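> Note that the numbering used here has the first sequence beginning at 3, numbered continuously upward. Glycine is no exception: its CB is placed at the ideal position from the N, C-alpha and C atoms. These numbers come from a predicted model, not from an experiment. Here it is, the structure, as structure tokens.
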Amino acid sequence: MNAFVVIANYRIQAKNYLCRMSKVRVRFAPSPTGGLHLGGVRTALFNYLFAKKNDGVFVLRVEDTDQTRYVQGAEQYLIDCLEWCGISPDEGPHHAGEYGPYRQSERKSIYREYAEQLVQSGYAYYAFDTPEEIENLREKLKAQGKYNVQYDFQNRLEMRNSLVLSKEETESLLKINFPHVIRIKMPRNEYVHFKDMIRGDIEMQTDGVDDKVLLKADGMPTYHLAVVVDDYLMKITHSFRGEEWLPSAPVHVLLWKYFGWEKHMPQWAHLPLILKPDGNGKLSKRDGERLGFPVFAMEWNDPANGKIKGFKELGFLPEAFINLLALLGWNDGTEQEIFSLEEMVDKFSMDRVQAHGAKFDFEKAKWFNHEWIKRSDTEKLKPNVKKIFEENNITITDEEQFERVIELVKDRCTLLTDFVQQAGFFFMAPADIETSAILPKWNDNKNQFFAELIRVYLMMNSWDVIDIEHAFKELAAASRLKPGELMLPFRVFLVGGKFGPGVFDIASIIGKEETLKRITYGVTLLK
RNA sequence: GGCGCGUUGGUCAAGGGGUUAAGACGCCUCCCUUUCACGGAGGAAUCACGGGUUCGAAUCCCGUACGUGCUACCA
């Protein structure tokens, strides 16, 4: 009996173990600045969707090795964005995980060790060239009319590196800590094949790629080394990144081979780029300002440009934001366009991701948000609207009235911020009355009508929409005036302009007292 | 310049040898609404070009053009 239990347990454990070994682990490794805008968030989203779809783990590894470009607070900002979008990582800051540390700066010694291993096995070498010497090389190549100005098989033997220096020379330079980098020795005239989940088989010749620096003079790894070492050590099974990485993919594939880790190489997918809506090129940070739409998920405090508003601040719902981002380059093959995160996880598949870039269209983006606002129930909208009201000094006194208002106006709001204009007047008399809209057709008869209307309303017992409307129209008929001509002034008195839901609905919600107050005030403005 | 990737209306796109080439955004017209929206009905607008293969090509192949990316001790 005991033996049976033991065996059973053992089997369960073995099964779990196998499951874990084959579990999908998708890694998101945003750059300190590049990972923060639309393209970066979409990459994160696709990574997340794929991981969740396959019941796997979404790993965030923070890229902070580029000291010159690293922006303070970028890491926290990114985590905040992911959280707002509802796609927080399972592993990585701040949810740690068992393959940490997840910050590259904290993994410095690891990279050095692996880079040196590559030198030992002859796949990489120390290069002691100074920046000036490299600049000279470029100048020389340019002067020769060569367009391919790169440090590669054609000229590496003319430079100062461990391939040409004697072992003793190299060692003595290393001993005095002479500034140096470790470069990969790209083979000449070889073809590298790999499979991309979106593009299929890709073949590239090694000659086109230079001897990439793997370890920088400051001891930090470049992306090329880090991505391979980290993915291996963190047991990553799928590596998705932007299309801009395709040309250097052979370096990474070769590195997996040189380390002897080929069996563990993740599957690659190079995601299409998000392009500028007007001209050419990929969407960049500056485009938002220039074209009048956000390129960040949330407000980003840019060291160079100051605070830049994001989709969140503009009044986007996170559900709409990830929805529009996902549909930019992916669809499920049906006509459905509105997806919740859960639905996307359910329907996502990498082979329905486009292979080409997509121009960002802000109009369509707003449409997504409009749809989400319309579909969201009041409970969901309440906290968001409340926050925006607070920012605009609009105080809500009656919770029930607030709910009624949201229900009444949500169809006409594209952005959450539209609630201010569409619903603010319910809680606060309009500051500006657009008298110019009614002044041209204003006359004594109308003036009298409203004076009479105040009297009639004052005497009413009920304050129902139907009664308000009925009384209004009855009085209009008695005064031989067309209701249509009177409703516009009435509207403007109540809300301040030519917008908003039905006038009688508004009157009913704001109450009798407030309605009369606004009419009275409005009439005085026209005298 | 070299190399990679791509190309269906203005934009996002479905479609993968035979379709009247879906749908959405935007635009226009009308209806509804005595505001503005929502909603409803309709409209204009597309297979980059040239060669093949085939009875037949948006679809497969080749070229060209165009776009885009890379060509850093940036990612």
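To the nearest angstrom, report how far apart PHE495 and HIS372 are at their CA atoms.
PHE495 and HIS372: Cα-Cα distance of roughly 28 Å.
> So what does DSSP say about TRP465, is it helix, strand or coil?
If DSSP states are grouped into helix, strand and coil, TRP465 belongs with coil.
> Roughly how far, in whole angstroms, is the beta-carbon of VAL64 from the beta-carbon of GLY99, given that I think they are within contact range, below 8 Å?
At roughly 12 Å, the Cβ-Cβ gap does not stay under 8 Å, so VAL64 and GLY99 are not in contact.
> Can the beta-carbon of THR208 be found less than 8 Å from the beta-carbon of ARG185?
No, they are not a contact pair.
> Going by DSSP, name the residue or residues bridged to LYS169.
BP columns for LYS169 are empty, so no partner.
> Whole angstroms are fine: how far does the CA of THR437 sit from the CA of TYR523?
About 12 Å.
> Run through the segment 410 to 472 for me and flag every whole alpha helix (DSSP H) of 4 or more residues, listed as ranges in chain order.
Counting whole runs of 4 or more residues, the segment 410 to 472 contains the alpha helix (DSSP H) stretches 420 to 429 and 446 to 461.
> Going by Cα to Cα distance, which pick from HIS472, ALA453, VAL215 and ILE375 is closest to LEU418?
It is ILE375.
> Which one of LEU518, LEU455, GLY283 and GLU245 has the shortest CA to CA distance from LEU273?
Ranking LEU518, LEU455, GLY283 and GLU245 by Cα distance to LEU273 puts GLU245 first.
> Which residue comes first and which comes last in the alpha helix (DSSP H) that contains MET346?
That run of the alpha helix (DSSP H) goes 343 to 349.
> Let me make sure I understand the geometry here. Which of GLY283, PHE180, GLY124 and PRO249 has the alpha-carbon closest to that of ALA271?
For the residues GLY283, PHE180, GLY124 and PRO249, the minimum Cα distance to ALA271 belongs to PRO249.
> At the level of alpha carbons, what is the spacing between ASN179 and PRO103?
Cα to Cα, ASN179 sits roughly 27 Å from PRO103.
> Comparing C-alpha positions only, which one of VAL183, HIS97, ALA53 and GLY37 sits nearest to ARG80?
Contrary to the premise, residue 80 reads as Leu rather than Arg in this sequence. Cα-wise, what sits closest to LEU80 is GLY37.
> What residues in its chain sit with their C-beta under 6 Å from that of ASP434, if we drop five residues either side in the sequence?
Answer for ASP434: GLY498, listed in chain order.
> If you draw a straight line from the alpha carbon of TYR19 to that of GLY58, how long is it in whole angstroms?
Only weak support exists for where TYR19 lies, its pLDDT of 35 falling under 50; the coordinates are left without a value.
> Which runs of the alpha helix (DSSP H) fall wholly inside the segment 104 to 184 and span at least 4 residues, in chain order?
As far as the segment 104 to 184 is concerned, its whole alpha helix (DSSP H) runs of at least 4 residues are 110 to 122, 133 to 145 and 169 to 177.
> Looking only at its own chain, which residues have a Cβ that is under 6 Å from the Cβ of GLU160, when we skip the five neighbours before and after it?
Answer for GLU160: no residue qualifies.
> Which residues share a DSSP beta bridge with TYR193?
BP columns for TYR193 point to GLN207.
> Per the DSSP calculation, PHE30 is bridged to which residue(s)?
Paired residues: LEU62.
> Under the rule that 16 or more other beta-carbon atoms within 10 Å means buried, what is VAL255, buried or exposed?
Classification for VAL255: buried.
> Do you know whose CA, among LEU488, LYS265, SER378 and ARG201, lies nearest ASN449's CA?
The option with the nearest alpha carbon to ASN449 is LEU488.
> Helix, strand or coil for GLY202, going by three-state DSSP, please let me know.
Three-state result, GLY202: strand.
> Taking C-alpha atoms, which residue in PHE48, LEU51, CYS83 and ASP348 lies nearest to LEU319?
Measuring from the Cα of LEU319, the nearest candidate turns out to be CYS83.
> With a threshold of 8 Å on Cβ separation, who are the neighbours of ALA117 within its own chain once the five nearest residues in sequence on each side are excluded?
Excluding sequence neighbours, ALA117 sits near ALA126, ILE184, LEU216, LEU217, PRO223 and LEU227.
> Would you tell me roughly how many angstroms separate the C-alpha atoms of THR336 and ASP420, rounded to the nearest one?
Those two C-alpha atoms are separated by around 31 Å.
> With H, G and I counted as helix, E and B as strand and the rest as coil, what does DSSP make of ASN307?
In this structure, ASN307 counts as coil in the three-state DSSP scheme.
> For LYS111, count neighbouring Cβ atoms within 10 angstroms of its own Cβ and tell me buried if that reaches 16, exposed if not.
Reading the sequence as shown, one finds Ser at residue 111 and not Lys. Exposed is the call here.
> In terms of DSSP beta bridges, what is PHE242 paired with?
Beta-bridge pairing links PHE242 to ALA271.
> Kindly list the residues whose CB is nearer than 6 Å to the CB of GLY426, restricted to its own chain and excluding five residues on each side of it in sequence; keep chain order.
Here the set comprises ILE396.
> For ALA360, which residues does DSSP report across the bridge?
Beta-bridge pairing links ALA360 to ILE276.
> Quick one: Cα of GLY537 to Cα of ARG482, how far?
Nothing in the structure corresponds to residue 537, since the chain is present only between 3 and 529.
> What is the DSSP secondary structure of LEU216, reduced to helix, strand or coil?
If DSSP states are grouped into helix, strand and coil, LEU216 belongs with the strands.
> Grab me the residues of LYS54's own chain with a C-beta within less than 6 Å of its C-beta, minus the 5 sequence neighbours each way, in chain order.
The residues are VAL347.
> In chain order, what residues of the same chain lie with their CB nearer than 8 Å to the CB of LEU518, ignoring the 5 residues before and after it?
Cβ within range, chain order: ILE456, TYR459 and LEU460.
> Would you call the CB atoms of ILE340 and THR380 closer than 8 Å?
Against a cut-off of 8 Å, the Cβ pair of THR380 and ILE340 comes out as no contact.
> Taking 7 Å as the cut-off, is the C-beta of LYS519 nearer than that to any heavy atom in the ligand COA?
Absent from the structure shown: the ligand COA. Ligands present: none.
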